[in-house]
Every structure is written in structure tokens, then in C-alpha cells.
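K.L.:
Before I ask anything, here is the structure I am working with.
2 protein chains.
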Amino acid sequence: MNSDKKVESITVLEAANFLLKNDNFYILTHVNPDGDAMGSGFGLCRALRAVGKKANVLCSDPFPKRYSYLYNGYEPQKFVPQTIVSVDLADTNLFGKALSVYADFVDLAIDHHISNTGYAAKTLLNGKAAAACEVLFEVFTEGKFPIDLQTAECLYTGISTDTGCFRFENTTPRCHEIVAKLMGYGIPYAKINRELFEIKSRARLTVEQHVINSMEMYLDDKCAVIAVTSDMIAETGLAPEEFEGLASIPMQVEGVEVGVTIKEKEPGKFKVSMRSAESVNVSELCAKLGGGGHIRAAGCTVEGNLSQVKLKILSVIAPALGFDLWLS
Amino acid sequence: MNSDKKVESITVLEAANFLLKNDNFYILTHVNPDGDAMGSGFGLCRALRAVGKKANVLCSDPFPKRYSYLYNGYEPQKFVPQTIVSVDLADTNLFGKALSVYADFVDLAIDHHISNTGYAAKTLLNGKAAAACEVLFEVFTEGKFPIDLQTAECLYTGISTDTGCFRFENTTPRCHEIVAKLMGYGIPYAKINRELFEIKSRARLTVEQHVINSMEMYLDDKCAVIAVTSDMIAETGLAPEEFEGLASIPMQVEGVEVGVTIKEKEPGKFKVSMRSAESVNVSELCAKLGGGGHIRAAGCTVEGNLSQVKLKILSVIAPALGFDLWLS
């Protein structure tokens with residue numbers, strides 16, 4: 001483990017050699033792990049174990065059940081950690097509580113976020129890659145790590161989820177080339193994609209109905225807003241988790257350029273997710289409200305009652321949609 | 001034009017040479033044209049025109065507006081047709097009224113449906129290809145036809161729509177390889193996919209709400225049924241076209257193996273679409289009701305009132321889901 005603060009960018013080959021030369025790995029991934037976090041974490045773990053290394057995957061949050069096919073059969077090993085590698089982890093504030101102790105001791109970060117803060121001693125960063133799993137595939141290829149079916153499923157899942165199944169702007173020709181190769185391992189991609197992108201619980205369908213019914217249109221219908229309050233959640237009698245990940249819904253509406261999802265976190269405090277279709281940089285808009293993110297997907301936290309929060313948000317969005325005098 | 005009935009299977013290279021040796025093409029595609037019909041039709045037309053040939057695209061139905069980016073700038077040319085080529089057209093019963101006159105005179109069929117009836121003098125059939133556009137890409141490559149941005153958009157759209165954006169079982173490694181190459185032409189894939197797979201009119205959102213609300217679950221919740229009657233359509237005040245293409249909705253529900261969509265065509269006559277997730281061959285089930293199709297997507301027409309129609313359908317589905325004594 002390395003607490004030395006010099007930041008060093010390394011190449012794919014150097015990263016592969018680093019992995020091959022070291023042992024006893026803790027692989028860290030981010031809180032609230034998504035398909036790429038899980039895929040890159042367990043993909044790397046399997047590849048390291050396949051060449052005789054000891055490796056565990058660590059996350060401050062529990063591994064989500066929806067990705068259980070990526071860690072079926074996984075058992076943590078007992079060893080004293082010597083090498084700390086992070087995957088898909090842009091910033092130490094995404095380590096979460098349990099892993100924060102490792103923040104100063106990461107030897108190698110393998111990432112695809114241009115916003116990576118350089119917290120690790122060595123960083124393999126490809127900001128053009130759609131997923132950490134895309135970067136990892138190159139590492140496995142250079143280092144001749146064996147890839148088996150479950151490792152291929154890990155990498156496929158990371159690329160597929162981070163690109164919205166090859167729909168989003170971040171999809172690269174290289175994503176498709178890699179996936180063509182991964183399919184050769186016999187991954188049940190149709191089943192995986194169906195479970196990741198299509199299937200919804202009945203509760204979830206009810207929630208979506210609810211928010212679509214209550215969706216509000218602003219600014220010549222170029223902005224769609226859905227709001228989820230604690231009262232609304234209580235009314236449905238459903239678990240609050242069912243109300244996660246609704247941000248893509250306002251974007252489904254024809255003509256919408258900016259989609260906003262507002263969710264009450266605690267009384268007087270709302271988590272805001274913003275998405276844009278083509279022209280608006282929502283990262284800039286959220287920055288004005290104290291948040292940040294990507295050009296097409298960003299977020300912030302806004303305080304006030306629901307009406308006040310909506311007004312604050314709309315007053316920032318309006319100029320970006322050409323409504324110069326709105327609320328000014 | 002050739003009315004000789006000998007059926008001849010030809011190779012990709014032979015098809016390319018046939019196209020290069022002939023001229024004055026009518027390119028036929030199927031009624032109710034989807035992304036692959038439009039993509040292969042206009043893709044082939046552009047490629048032929050690019051090598052100095054005369055070519056028009058013909059369809060018994062109007063070209064759908066949602067695919068207008070594939071035929072922007074297209075103008076039919078005036079010439080006496082000498083060569084008739086069909087694309088994505090499995091059977092002469094899909095020619096539609098206006099094109100039925102050509103059924104006996106197709107010189108070359110380029111297709112990917114294993115069910116192709118061999119109506120053409122020469123047939124280039126790749127039953128493993130996900131889309132006619134996949135077959136066409138190989139033809140363009142072998143024949144060194146120039147591919148420009150709009151042609152690439154045509155081929156991408158065909159592959160993307162026929163594979164549900166690379167989600168379905170029919171997706172092949174070759175699809176991904178081809179798409180990696182097509183992306184090199186600078187196609188606005190994110191915009192295309194958003195328009196094809198995400199955006200819905202407000203009317204459409206209302207329709208989906210309506211059918212999800214009225215969805216019925218049968219056979220231990222393994223079968224979801226949605227029914228659209230003429231009365232229901234009239235009640236919403238929306239255009240009947242808004243009620244097309246709902247067949248994927250029942251498949252979204254967790255645990256559903258067979259999804260059924262029933263739509264009233266005329267009093268006492270219902271169009272039935274059946275989808276399956278993993279184990280049931282719905283083509284066989286629909287055949288029992290006088291219809292047919294693919295293993296995971298098939299259809300039929302059933303007569304009776306709505307209750308009778310549901311019973312007929314469920315009595316066929318039940319045994320396939322292991323409910324041996326149900327209704328027997």
C-alpha cells in the first residue's frame with residue numbers, strides 16, 4: 001500500500017504488469033454500485049484469481065441482487081491486503097463510509113471518468129471509454145489474463161449498463177468491437193439485457209404510472225418535471241427504493257429537452273436529477289445550484305418546499321432553453 | 001425481370017456482382033415497413049445510385065415519418081424497371097396490394113428470414129443475420145459499394161431496430177462488428193436510438209398507462225394479457241395508430257414468460273400478438289390458432305367475443321407453461 005501522493009498516469013500495459021507483479025488485492029468500487037462498478041469489480045477479481053492471485057471485492061454498500069449473476073459463487077478470501085486497486089471510482093467521496101479508510105492508500109485506479117481526481121498513486125484513465133469494464137478488457141488483453149464466461153458477463157454488463165445498452169452518446173466503436181468478442185464466450189446477453197433493461201416489478205410499474213400521471217410540463221413543453229415526495233411514497237405503500245432511478249422517464253416525452261426528477265430526501269431538502277437530450281449542458285445548470293455531473297446527466301440538492309425548489313430549478317433551466325426573461 | 005420459377009441460392013459475392021451487372025432497379029420492401037425494411041430499402045437504393053445505377057424504393061404502404069432521416073432528399077427517378085430486387089421480404093403475402101403485381105417477377109431477394117418462401121429467381125438468404133441490413137452490409141463490402149453517412153444510418157437503423165438495440169437473442173457478434181464500422185461514418189446514433197427507443201408522444205404515454213392499468217395476470221402470473229377494444233380506443237379519444245406496437249409491454253412484468261396483446265380489428269375478430277421470454281415457443285402456440293411467426297414473437301387472428309378469445313388463447317398457453325389440466 002502506498003500513501004505517497006505523487007500522481008502517475010500509466011498505460012494499459014503498465015497496469016497489466018502492475019497487476020501481474022503484485023498480489024493480495026483489495027478491489028474497491030463505488031457506493032451505490034451500478035453495473036459497471038459490479039462488473040469491473042468482480043471482473044478484475046476473477047481475472048486476478050485466475051492467474052493465482054488472492055483478491056476480494058469491497059464496497060461500502062451491499063452488492064445489489066440484480067447483479068447477483070456476476071458474483072454467484074464468489075467467496076471472500078482471507079489474506080492481509082498488500083495492493084489496493086479501485087475500479088470505476090472517480091473520487092474519494094464515492095468510497096463510502098466503510099472504504100473511506102483506504103482513500104489515501106490506493107495503489108492503482110482503473111477508471112473512465114474524466115473527472116477522476118487522481119487520488120491513487122497510479123492511475124489508468126481512459127476518459128473516452130464508455131465504462132471501466134471497457135478499460136479493463138484492454139488490460140486483460142494486454143496482460144493475457146484468462147477470460148471465462150462469468151468474467152465476460154462482468155465486462156459485458158459494465159459496458160451494456162453504462163451505455164444504456166449501446167444507446168447513449170458515450171457508446172464507442174470500441175464498445176461494439178469488445179462486445180463482439182465477449183459474445184464469443186457464450187454470455188446469455190438476451191437474458192441479461194431483458195433483466196437489466198426490460199423487466200419491472202409490478203410495484204415499479206405502479207410507481208412509473210404514478211409519476212407519469214403527475215408529470216408537469218414547463219417552458220413550451222421543453223421541460224418535463226416529475227416530483228416524488230415522502231407523502232406520495234407513503235400513499236402508494238411501496239418501498240422508497242422503488243422510487244429510485246426515475247430520471248429517464250421525463251426524457252421519454254416527445255419534444256422534451258430537459259428532464260427533471262425531484263425527490264424529497266428529508267423535509268425541506270430535495271435531490272434533483274437533470275437530464276438533457278441534445279443541446280443543454282445540465283452539468284453547468286446543476287453547478288449553479290451547487291451540484292455537478294456530466295453534460296447530459298447531472299444532479300444537485302436544493303432546499304425549500306416543493307414549489308420553491310421547482311421555481312429555483314426552472315429559473316436556472318429557462319435561460320438555457322432560450323427563455324431569457326423568465327423569472328428574471 | 002424474370003418469371004422463371006427455378007429458385008437459386010446465391011452467395012454474397014454473386015449478389016454483389018448481380019447488382020453491379022444490372023440496372024434500373026425497383027427495390028421492394030414489405031408492408032407496414034419497420035426500421036429494417038426502410039433501412040435495407042433506402043440503403044440499397046443509395047448504394048446503387050452511388051455507382052451510377054437508377055433505383056427506386058417501392059412499398060405498398062407510405063414510408064413512415066419516424067424513419068424520414070433515412071429518405072431525406074430521396075426523389076423517385078423516372079425509368080423503365082429492368083431489375084426487381086426485394087429486401088427483408090420473406091413472403092409474397094407481405095408485398096401488399098400495390099406491389100403484388102411484382103410477386104412473380106422478383107430477380108433477387110436479399111433476406112434474413114429463415115421462413116423466406118423462395119419466391120425470387122435468386123435468393124441471398126442469411127438466416128443467422130439479425131437484419132436484412134446486416135446481409136446488405138456484407139454485399140456492399142464484397143461489391144465495394146461506397147457507403148456514405150446516410151447509407152450508414154440506413155444500415156445502423158435496420159440492425160438496431162431488428163435487435164431491439166442489441167438486446168434481443170438474434171443479436172450476433174457480427175452485428176456489433178458491423179456497427180463498430182458504421183459508427184466510423186459519424187452517424188448520430190444517440191439521437192437515432194433516442195428517437196427510436198425512448199421518445200413517446202404524450203398520447204402514447206396515455207395509451208401505455210391505460211393498457212398497463214388494465215393488464216391481467218394469469219397462470220400463476222406467468223402470463224400477462226393486455227386487451228385493446230374499439231370501445232377503449234374510442235374512450236381515450238386517441239388515434240387507433242397510437243395503440244400499435246404494444247406487444248412488448250406485457251413482457252416488462254417481472255416473472256412473465258408469455259405476454260399476450262389482443263387488439264380488436266373488427267367486431268368479433270381480434271389480432272393476437274404473443275411474446276415469450278425464454279422457454280415457450282409462441283410460434284407453435286400461434287400455429288395452433290391458425291397463425292405463426294418466430295419462436296419468441298408470433299401472432300394470429302382469433303374470432304369470438306373478448307372473453308372467448310382470451311379463453312382460447314389461455315387454453316393454448318396453459319399446457320406450454322406446465323398447466324396440463326387447465327381448461328382441458
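Same order as they appear, the protein sequences are chains A and B.
Sequential numbering from 1 applies to the first sequence in the numbering used here.
Sequential numbering from 1 applies to the second sequence in the numbering used here.
Just so it is clear, CB atoms sit at the ideal spot from N, CA and C, and this is done for glycine as well.
Please check if any C-beta of chain A sits within less than 8 Å of the C-beta of residue 232 (chain B).
P.N.:
As a first step, residue 232 (chain B) must be located in the second sequence, where it is residue number 232. By this cut-off, residue 232 (chain B) is not an interface position.
K.L.:
List the residues of chain B whose Cβ lies closer than 9 Å to the Cβ of residue 83 (chain A), in chain order.
P.N.:
By 1-based counting over the first sequence, the position of residue 83 (chain A) is 83. Chain B residues near residue 83 (chain A): none, gap ~34 Å exceeds 9 Å.
K.L.:
So the candidates are B:254, B:47, B:81 and B:11; which of them puts its Cα closest to the Cα of residue 24 (chain B)?
P.N.:
For the purposes of this step, residue 24 (chain B) is identified with residue 24 of the second sequence, where counting begins at 1. Comparing Cα positions, the closest option is B:81.
K.L.:
Can a CB atom of chain B be found closer than 8 Å to the CB of residue 165 (chain A)?
P.N.:
Here residue 165 (chain A) corresponds to residue number 165 of the first sequence, with the count starting at 1. For residue 165 (chain A), the answer is yes, since a Cβ of chain B falls inside 8 Å of its Cβ.
K.L.:
Going along the region 183 to 194 of chain A in order, which residues come within less than 8 Å of chain B, judged by CB to CB distance?
P.N.:
So the close ones are 183, 184, 189, 190, 191, 193 and 194.
K.L.:
Is it true that the CB of residue 109 (chain B) sits closer than 8 Å to the CB of residue 89 (chain B)?
P.N.:
As a position in the second sequence, residue 89 (chain B) is number 89, starting the count at 1. As a position in the second sequence, residue 109 (chain B) is number 109, starting the count at 1. Their beta carbons are under 8 Å apart, which means residue 89 (chain B) touches residue 109 (chain B) by this criterion.
K.L.:
Leaving out five residues on either side along the sequence, give the residues of the same chain with a beta carbon under 8 Å from the beta carbon of residue 207 (chain B).
P.N.:
Taking the first residue of the second sequence as position 1, residue 207 (chain B) is located at position 207. Same-chain partners within the cutoff: 236, 238, 242, 243 and 246.
K.L.:
Is it buried or exposed for residue 328 (chain B), if we count other Cβ within 10 angstroms and need 16 for buried?
P.N.:
On the second sequence, residue 328 (chain B) is found 328 positions in, with the first residue counted as 1. Any answer about residue 328 (chain B) is weak, because its pLDDT of 41 lies below 50 and its placement is not dependable; what the coordinates show is given next. Exposed, by the Cβ-count rule.
K.L.:
Answer yes or no: does any C-beta atom of chain B fall closer than 8 Å to that of residue 180 (chain A)?
P.N.:
To locate residue 180 (chain A), count along the first sequence from 1; it is residue 180. Judged by the 8 Å Cβ criterion, residue 180 (chain A) is in contact with chain B.
K.L.:
Return the first residue and the last residue of the beta strand (DSSP E) that residue 276 (chain B) is part of.
P.N.:
On the second sequence, position 276 is the one that residue 276 (chain B) refers to. Element bounds for residue 276 (chain B): 269 to 276.
K.L.:
Nearest CA to the CA of residue 69 (chain B): which residue from B:151, B:294, B:287 and B:275?
P.N.:
As a first step, residue 69 (chain B) must be located in the second sequence, where it is residue number 69. Answer by Cα proximity: B:151.
K.L.:
Just to confirm, are residue 219 (chain B) and residue 317 (chain B) a CB contact at a threshold of 8 Å?
P.N.:
Here residue 219 (chain B) refers to the residue found at position 219 when the second sequence is read from its first residue. Here residue 317 (chain B) refers to the residue found at position 317 when the second sequence is read from its first residue. In this structure, residue 317 (chain B) lies closer than 8 Å to residue 219 (chain B) by Cβ.
K.L.:
If you draw a straight line from the C-alpha of residue 16 (chain B) to the C-alpha of residue 271 (chain B), how long is it?
P.N.:
In the second sequence, counting from the first residue as 1, residue 16 (chain B) sits at position 16. In the second sequence, counting from the first residue as 1, residue 271 (chain B) sits at position 271. Their backbone Cα atoms lie some 39 Å apart in a straight line.
K.L.:
Of all the residues that make up the region 146 to 171 of chain A, which are near chain B by a beta-carbon distance shorter than 7 Å?
P.N.:
For the region 146 to 171 of chain A, which is checked against every Cβ of chain B, the residues closer than 7 Å are 165, 166, 167, 168, 169 and 171.
K.L.:
Mind listing which residues of the region 276 to 300 of chain A have their C-beta closer than 9 Å to chain B's C-betas, in chain order?
P.N.:
Against chain B - using a Cβ distance shorter than 9 Å - the residues of the region 276 to 300 of chain A are 277, 278 and 296.
K.L.:
Of the choices B:26, B:180 and B:35, whose alpha-carbon is the least far from that of residue 132 (chain B)?
P.N.:
Sequence index remark: in the second sequence, residue 132 (chain B) carries index 132 (1-based). The shortest Cα separation from residue 132 (chain B) among B:26, B:180 and B:35 belongs to B:35.
K.L.:
Given residue 140 (chain A), which residues of its chain have a CB within under 7 Å of its CB, disregarding the five upstream and five downstream residues?
P.N.:
For the purposes of this step, residue 140 (chain A) is taken as residue 140 along the first sequence, with counting starting at 1. If we look at residue 140 (chain A) and ignore the five residues flanking it on each side, its Cβ neighbours are 47 and 147.
K.L.:
Any idea if residue 234 (chain B) is buried or exposed, counting beta-carbon neighbours within 10 angstroms, 16 or more meaning buried?
P.N.:
Sequence index remark: in the second sequence, residue 234 (chain B) carries index 234 (1-based). Burial call: exposed.
K.L.:
Alpha carbon to alpha carbon, how far is residue 193 (chain A) from residue 160 (chain A)? Give it in angstroms, no decimals.
P.N.:
Sequence index remark: in the first sequence, residue 160 (chain A) carries index 160 (1-based). Sequence index remark: in the first sequence, residue 193 (chain A) carries index 193 (1-based). Using only the alpha carbons, I get a separation of about 8 Å.
K.L.:
On a CA-only basis, which of B:86, B:44, B:50 and B:30 is nearest residue 61 (chain B)? Give me that one, please.
P.N.:
Position 61 of the second sequence, counting from 1, holds the residue named residue 61 (chain B). Ranking the options by Cα distance to residue 61 (chain B), first place goes to B:30.
K.L.:
Rounded to whole angstroms, what's the CA-CA distance from residue 187 (chain B) to residue 57 (chain B)? Just pull it up for me.
P.N.:
Here the question's residue 187 (chain B) lines up with position 187 in the second sequence. Here the question's residue 57 (chain B) lines up with position 57 in the second sequence. Taking the straight line from one Cα to the other gives about 22 Å.
K.L.:
Report the residues of the region 224 to 257 of chain B with a CB closer than 9 Å to any CB of chain A, ordered along the chain.
P.N.:
Within the region 224 to 257 of chain B, the qualifying residues are 248, 251, 252, 253, 254, 255 and 256.
K.L.:
Fully enclosed by the region 62 to 120 of chain A, which alpha helix (DSSP H) runs are 4 residues long or longer?
P.N.:
Whole alpha helix (DSSP H) segments, 4+ residues: 68 to 71 and 96 to 99.
K.L.:
Do you know offhand how far residue 74 (chain B)'s Cα is from residue 121 (chain B)'s?
P.N.:
Mapped onto the second sequence, residue 74 (chain B) falls at position 74. Mapped onto the second sequence, residue 121 (chain B) falls at position 121. Spanning the two alpha carbons is a distance of roughly 28 Å.
K.L.:
With 8 Å as the threshold, decide whether the Cβ of residue 114 (chain B) is near any Cβ in chain A.
P.N.:
For the purposes of this step, residue 114 (chain B) is taken as the residue at position 114 of the second sequence. No, residue 114 (chain B) does not count as interfacial toward chain A.
K.L.:
Could you tell me which of A:157, A:288 and A:252 sits nearest to residue 203 (chain B), measuring between CA atoms?
P.N.:
Along the second sequence, read from residue 1 onward, the residue named residue 203 (chain B) stands at position 203. Minimum Cα distance to residue 203 (chain B) is reached at A:252.
K.L.:
If residue 189 (chain A) sits next to residue 156 (chain A), beta carbons under 8 Å apart, how far is it from one beta carbon to the other, in whole angstroms?
P.N.:
Position 189 of the first sequence holds residue 189 (chain A). Position 156 of the first sequence holds residue 156 (chain A). Confirmed, Cβ separation roughly 6 Å.
K.L.:
Would you say residue 197 (chain A) faces chain B, with C-beta separation under 8 Å as the test?
P.N.:
Here residue 197 (chain A) is taken as the residue at index 197 of the first sequence, counted from 1. Yes - at least one Cβ of chain B is within 8 Å of the one on residue 197 (chain A).
K.L.:
With 16 as the cutoff for other CB atoms within 10 Å, does residue 1 (chain B) come out buried or exposed?
P.N.:
For the purposes of this step, residue 1 (chain B) is taken as residue 1 along the second sequence, with counting starting at 1. Caution is warranted here: a pLDDT of 48 is assigned to residue 1 (chain B), below 50, making its placement in the model unreliable, and no coordinate value can be reported.
K.L.:
Tell me the DSSP secondary structure of residue 19 (chain A) in three-state form.
P.N.:
What you label residue 19 (chain A) is simply residue 19 of the first sequence in a count that begins at 1. Note: residue 19 (chain A) maps to helix in three-state DSSP.
K.L.:
Pop quiz: residue 217 (chain B) and residue 224 (chain B) are said to be a contact at Cβ under 8 Å. What is the actual Cβ separation, rounded to whole angstroms?
P.N.:
What you label residue 217 (chain B) is simply residue 217 of the second sequence in a count that begins at 1. What you label residue 224 (chain B) is simply residue 224 of the second sequence in a count that begins at 1. The Cβ separation is near 6 Å, so the contact holds.
K.L.:
Please report the Cβ distance between residue 228 (chain B) and residue 266 (chain B), rounded to the nearest whole angstrom; I am assuming they are in contact, meaning their Cβ atoms lie under 8 Å.
P.N.:
One-based indexing of the second sequence puts residue 228 (chain B) at position 228. One-based indexing of the second sequence puts residue 266 (chain B) at position 266. Their Cβ separation, rounded to whole angstroms, is 13 Å, which puts residue 228 (chain B) and residue 266 (chain B) out of contact at 8 Å.
K.L.:
Extract the residue ranges of the beta strand (DSSP E) inside the region 117 to 142 of chain B, only unbroken runs of 3 or more that lie entirely within it.
P.N.:
Listed in chain order, the complete beta strand (DSSP E) runs (minimum 3 residues) inside the region 117 to 142 of chain B are 122 to 125.
K.L.:
Classify residue 3 (chain B): buried if its beta carbon has 16 or more other beta carbons within 10 angstroms, exposed otherwise.
P.N.:
The residue you call residue 3 (chain B) lines up with position 3 of the second sequence. Any reading at residue 3 (chain B) must be qualified, since the residue scores a pLDDT of 46, below 50, and its modelled position is unreliable; no value is offered.
K.L.:
Are the CB atoms of residue 277 (chain A) and residue 257 (chain A) within a distance shorter than 8 Å?
P.N.:
Here residue 257 (chain A) corresponds to residue number 257 of the first sequence, with the count starting at 1. Here residue 277 (chain A) corresponds to residue number 277 of the first sequence, with the count starting at 1. Cβ atoms of residue 257 (chain A) and residue 277 (chain A): closer than 8 Å.
K.L.:
I'd like the list of long-range same chain contacts for residue 45 (chain A), defined as Cβ closer than 6 Å, with 5 residues on each side in sequence excluded.
P.N.:
The count along the first sequence starts at 1 and reaches residue 45 (chain A) at position 45. For residue 45 (chain A), where only same-chain residues beyond five positions count, the Cβ hits under 6 Å are 27, 55 and 57.
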